[in-house]
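Residues 48 to 288 (our numbering) are what the sequence shown spells out, left to right.
The C-beta atom is built at its ideal place from N, Cα and C for all residues, glycine as well.
First up is the structure itself, then whatever we jot down about it.
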Amino acid sequence: MAFNVCDKNGKHLGIIINNAHDVKNAALVALTHLTVEDVEIDFQGIKNMIANIYNCKTMLGKINEDKLELELKQLWKEKYNDLGSYNETYLLKLLLFVDFRSFNGFIHLDEEAIQGYIFVGTNNVKFYNENCIQIEEAVDYIDMENHIFKDEKPIFAKIIDYPELSMDVMGAEGLLFGGGLADLGGRNHAHETKLKVMSGNVIKTYKFPMHLYVKKNMPIIMYAESQAIKAIFCDGIIYKA
Numbered sequence: 048m049a050f051n052v053c054d055k056n057g058k059h060l061g062i063i064i065n066n067a068h069d070v071k072n073a074a075l076v077a078l079t080h081l082t083v084e085d086v087e088i089d090f091q092g093i094k095n096m097i098a099n100i101y102n103c104k105t106m107l108g109k110i111n112e113d114k115l116e117l118e119l120k121q122l123w124k125e126k127y128n129d130l131g132s133y134n135e136t137y138l139l140k141l142l143l144f145v146d147f148r149s150f151n152g153f154i155h156l157d158e159e160a161i162q163g164y165i166f167v168g169t170n171n172v173k174f175y176n177e178n179c180i181q182i183e184e185a186v187d188y189i190d191m192e193n194h195i196f197k198d199e200k201p202i203f204a205k206i207i208d209y210p211e212l213s214m215d216v217m218g219a220e221g222l223l224f225g226g227g228l229a230d231l232g233g234r235n236h237a238h239e240t241k242l243k244v245m246s247g248n249v250i251k252t253y254k255f256p257m258h259l260y261v262k263k264n265m266p267i268i269m270y271a272e273s274q275a276i277k278a279i280f281c282d283g284i285i286y287k288a
């Protein structure tokens, strides 16, 4: 949280703004020309949350600054000493990103400044400095010109393995489980495409209930709604769920 993200060549990609709800150990990166230095960050709110977690509040609900400082310095010594001398602000951001991934309400980024999203994994990054995380990938598949639903914020990714297409055919046994005669007359096929994609430095496998005419190494643009993929654009074809 509150980190810029750059690729392996040092190119700025965007800002971490939220946790990736459907991707384990990952955060959501908003693709934007802005940096954390340009946006409003509620560090007092972050500190208050951390104080709650480590039971560093007084009976009146105020932060026990001395107790919290001792806790934070011990954490730095145990986990982040290789990053240099103790830095409270840096540590608060590290704790949110690595341990808690709780971002909502702490960073205020104008929606109009966001062009889309990628993912960043919390276990496979380099802390470039106190404001920037570097991923060891060349993110060369972000294509704003081919982004077709202009009112939506897409997730950009790349297919990194051979797609697996499958088809199940329901025979007469399907009638025993609620299938009708119409199911045997041409509507008895269930299609599925299994794709392994990389977005940022995160690899995730998706299963789509249709055949996708895609290949390994193709860029893919996904549109999500309520944490589910509702549309895909790849190689000039739109697929809708």
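Thr252 lies in the beta strand (DSSP E); which residues open and close that run? The residue labelled residue 252 in the question sits at position 205 within the sequence shown. Taken as a continuous stretch (DSSP letters only), the beta strand (DSSP E) holding Thr252 covers Val249 to Phe255.
Check whether the Cβ atoms of His302 and Glu87 lie closer than 9 angstroms to each other. Residue 302 falls outside the range modelled here, since the chain spans only 48 to 288, and no answer is possible.
Output the distance between the C-alpha atoms of Asn65 and His238, rounded to the nearest integer angstrom. Stepping through the sequence shown from its first residue, residue 65 is reached at position 18. Stepping through the sequence shown from its first residue, residue 238 is reached at position 191. Straight-line spacing of the CA atoms in Asn65 and His238 works out to 33 angstroms.
Nearest-angstrom Cα distance between Glu183 and Lys55? In the sequence shown, counting from the first residue as 1, residue 183 sits at position 136. In the sequence shown, counting from the first residue as 1, residue 55 sits at position 8. About 5 angstroms.
Suppose you measure from the CA of Asn134 to the CA of Ser213; what does that come to, to the nearest Å? On the sequence shown, residue 134 is found 87 positions in, with the first residue counted as 1. On the sequence shown, residue 213 is found 166 positions in, with the first residue counted as 1. Cα to Cα, the separation comes out at about 53 angstroms.
Give me the Cα-Cα distance between Ala275 and Lys173, rounded to the nearest whole angstrom. By 1-based counting over the sequence shown, the position of residue 275 is 228. By 1-based counting over the sequence shown, the position of residue 173 is 126. If I take the Cα positions, the gap works out to 29 angstroms.
Residues bridged to Cys179 [DSSP beta-bridge criterion]: Against the sequence shown, residue 179 aligns to sequence position 132. Cys179 is bridged to Asn51 and Asn176.
Using the beta-carbon count (16 or more within 10 Å), is Ile97 buried or exposed? In the sequence shown, counting from the first residue as 1, residue 97 sits at position 50. So Ile97 counts as buried.
How far does the alpha helix (DSSP H) with Asn134 in it extend, from its first residue to its last? Taking the first residue of the sequence shown as 1, we reach residue 134 at position 87. Run containing Asn134: none; DSSP gives neither H nor E here.
For the alpha helix (DSSP H) holding Leu81, just list the boundary residues, first then last. Sequence index remark: in the sequence shown, residue 81 carries index 34 (1-based). DSSP places Leu81 in no alpha helix (DSSP H); its state is neither H nor E.
Enclosing alpha helix (DSSP H) for Lys114 [first to last residue]: Translated into the one-based positions of the sequence shown, residue 114 becomes position 67. That run of the alpha helix (DSSP H) goes Glu112 to Leu122.
Tell me the DSSP secondary structure of Gly168 in three-state form. By one-based count along the sequence shown, residue 168 stands at place 121. Taken through DSSP and simplified to helix, strand or coil, Gly168 comes out as strand.
Assign Asn51 to buried or exposed, taking buried as 16 or more other Cβ atoms, counted over all protein chains shown, within 10 Å of its Cβ. Taking the sequence shown and counting its residues from 1, one reaches residue 51 at position 4. By the 16-neighbour rule on beta-carbons within 10 angstroms, Asn51 is buried.
Test item: CB-CB of Ile202 and Phe255 under 9 angstroms: For this step, residue 202 is matched to residue 155 along the sequence shown. For this step, residue 255 is matched to residue 208 along the sequence shown. The Cβ atoms of Ile202 and Phe255 do not sit closer than 9 angstroms to each other.
Terminal residues of the alpha helix (DSSP H) in which Met269 lies: Taking the sequence shown and counting its residues from 1, the one referred to as residue 269 is at position 222. It is not in any alpha helix (DSSP H) - Met269 instead sits in the beta strand (DSSP E) that spans Pro266 to Glu272.
Closer than 7 angstroms by C-beta to Thr105: which residues in its own chain qualify, once you throw out the five before and the five after it? Chain order, please. Stepping through the sequence shown from its first residue, residue 105 is reached at position 58. If we look at Thr105 and ignore the five residues flanking it on each side, its Cβ neighbours are Asn111.
Sort out for me which residues DSSP pairs Val145 with in a bridge. Looking up residue 145 in the sequence shown gives position 98. In the DSSP output, where bridge partners are listed per residue, Val145 has none listed.
Would you identify the three-state DSSP class for Asn102, choosing helix, strand or coil? Position 55 of the sequence shown, counting from 1, holds the residue named residue 102. Reduced to three states, the DSSP call for Asn102 is coil.
Beta-bridge pairing of Asn65 - partner residues as DSSP gives them: Start at 1 with the first residue of the sequence shown, and residue 65 comes out as number 18. For Asn65, which the question treats as bridged, DSSP gives the partners Leu75.
With DSSP run on the structure shown, which of helix, strand or coil describes Leu242? Residue mapping note: residue 242 aligns to position 195 of the sequence shown, counting from 1. The DSSP-derived three-state label of Leu242 is strand.
Within 10 angstroms of the Cβ of Lys287, are there 16 or more other Cβ atoms? Answer buried if so, exposed if not. Here residue 287 refers to the residue found at position 240 when the sequence shown is read from its first residue. By the 10 Å Cβ count, Lys287 comes out exposed.
Ends of the beta strand (DSSP E) at Ala185? As a working note, residue 185 is residue 138 in the sequence shown. No residue range can be given for Ala185, since it is assigned to no beta strand (DSSP E) and is classified by DSSP as neither H nor E.
Close beta carbons around Ile284, own chain, < 7 angstroms, minus the five adjacent residues each side: If you number the sequence shown from 1, residue 284 lands on position 237. Closer than 7 angstroms at the Cβ level, and outside the excluded window around Ile284, lie Tyr260.
Straight-line gap, Asp129 to Asn171 (C-alpha atoms, nearest Å): Numbered from 1 along the sequence shown, position 82 holds the residue referred to as residue 129. Numbered from 1 along the sequence shown, position 124 holds the residue referred to as residue 171. Roughly 16 angstroms between the two C-alpha positions.
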